[in-house]
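For the sequence shown, counting from 1, position 15 maps to 706 in our numbering; every step adds exactly one.
Take a look at the structure set out below.
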Amino acid sequence: MSKQDHILTVEVLDQDGSTFTLREICERGECHAEFVIKLVDYGIIAPLEDSPEARQWEFDIAALSRLRKAQRLQRDLKMNLPGLAMSLELLDEVEEMRREVTRLNQRIRQLMGE
692 MSKQDHILTV EVLDQDGSTF TLREICERGE CHAEFVIKLV DYGIIAPLED SPEARQWEFD
752 IAALSRLRKA QRLQRDLKMN LPGLAMSLEL LDEVEEMRRE VTRLNQRIRQ LMGE
């Protein structure tokens, strides 16, 4: 990457602690409940609390964001569910590493007196 390239990372924060039922997350994600249930089965998204009945599930804003990311990957790259699960896990790891590199770079600058 050249010095002119920039990586923009956006973190979704929900200070209100909004939650969404299965129906609401389907409405906001513009998808069928079956798709959300499959995402939960593959560990791609998770309800806030384990419940055997899908109608009782509640999701947070991070799950909605991850649902939309999964939809984009599936639409753009024609990925199946196992591929989505692996890709999202790898993307999470990359994100975590970027944050760590940023933190370490800031620490180096502090130690060097910049």
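Think of the CB as a built atom: it goes at the ideal place given N, C-alpha and C, for glycine as much as any other residue.
C-alpha gap between alanine 761 and glycine 804, whole angstroms:
Against the sequence shown, residue 761 aligns to sequence position 70. Against the sequence shown, residue 804 aligns to sequence position 113. Taking the straight line joining both Cα atoms gives about 42 Å.
Give the straight-line distance between the Cα atoms of serine 709 and isoleucine 752, rounded to the nearest whole angstrom.
Sequence index remark: in the sequence shown, residue 709 carries index 18 (1-based). Sequence index remark: in the sequence shown, residue 752 carries index 61 (1-based). Looking at the two C-alpha atoms, the distance is approximately 7 Å.
Could you give the uninterrupted runs of the alpha helix (DSSP H) lying entirely in the segment 712-789, keeping only those of 4 residues or more?
713-720, 724-732, 752-768
Buried or exposed, going by whether 16 or more other CB atoms sit within 10 Å of the CB of proline 773?
Residue 773 sits at position 82 when you count from the first residue of the sequence shown. So proline 773 ends up on the exposed side.
Beta-bridge pairing of threonine 793 - partner residues as DSSP gives them:
In the sequence shown, counting from the first residue as 1, residue 793 sits at position 102. None; threonine 793 has no bridge partner.
Taking the beta carbon of leucine 739 as the centre, do at least 16 other beta carbons fall within 10 Å, making it buried, or is it exposed?
Indexing the sequence shown from 1 puts residue 739 at position 48. Looking at its Cβ environment, which holds fewer than 16 other Cβ atoms inside 10 Å, leucine 739 is exposed.
Would you please state the rounded distance, in angstroms, between the beta carbons of arginine 757 and isoleucine 736? I believe it to be under 8 Å.
As a first step, residue 757 is located in the sequence shown; it is residue number 66 there, counting from the start. As a first step, residue 736 is located in the sequence shown; it is residue number 45 there, counting from the start. About 5 Å; that satisfies the 8 Å criterion.
List the whole-angstrom C-beta distance separating glycine 720 from alanine 776, where the pair is believed to meet the contact cut-off of C-beta under 8 Å.
The residue you call residue 720 lines up with position 29 of the sequence shown. The residue you call residue 776 lines up with position 85 of the sequence shown. About 17 Å; that fails the 8 Å criterion.
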